[in-house]
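Here's the structure we're looking at; comments come further down.
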Amino acid sequence: MKINTMRIQCRCLIESEKFYTEKLGLNKEFGSPEEGFIGYQLENVQVLLEGEESGEFEAGRFLGFSLEVKNIHCFYETLTARDVEFTGPPEKQLWGGLMTHIVDCNKNSFSIVQVDLAE
345 MKINTMRIQC RCLIESEKFY TEKLGLNKEF GSPEEGFIGY QLENVQVLLE
395 GEESGEFEAG RFLGFSLEVK NIHCFYETLT ARDVEFTGPP EKQLWGGLMT
445 HIVDCNKNSF SIVQVDLAE
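Structural data, given as structure tokens:
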């Protein structure tokens, strides 16, 4: 088995598209706010932005996934300059890597990790 799609619930798809495309730098593959979904393809998984469903799949939560980057300090500095909100600077973890968390325009949060510190 492998993960195929990570769904992210959004209050406003127009603002979410701007955030994930312009601020995070992801390349949109398909969809539009008018269609009710926007898709991005990462190296190993698809990210799907969808409108939230009140009471079921709501925005504004910890999403429970981590995106790995090669150089977390460079990533953090670049996105901070684009006014992306983080919970704090990257910190060393007990498991040996570095981690921080991004807060998106919907107040969803997810982890950013660097596993290989030799990078």
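Position one of the sequence shown corresponds to residue 345 (my numbering), numbered consecutively onward. Positions of the beta carbon are idealized from the N, C-alpha and C atoms, including for glycine.
Taking 8 Å as the cut-off, the beta carbon of F363 is found no closer than this to the beta carbon of L407. No Cβ-Cβ contact shorter than 8 Å links E394 with F409. In the three-state reduction of the DSSP assignment, I382 falls in the strand class, which pools E and B. Annotated as distal: T431 and V457, with beta-carbon spacing of 8 Å or more.
The criterion of a C-beta distance shorter than 8 Å is satisfied by M350 and V389. With a beta-carbon spacing of about 16 Å, N450 and G399 fall beyond the 8 Å limit used to define contacts. Cβ neighbours of I358 within its own chain (closer than 7 Å, five residues either side excluded): P377. The Cβ neighbour count for C354, taken over all protein chains shown within 10 Å, is at least 16; the residue is labelled buried.
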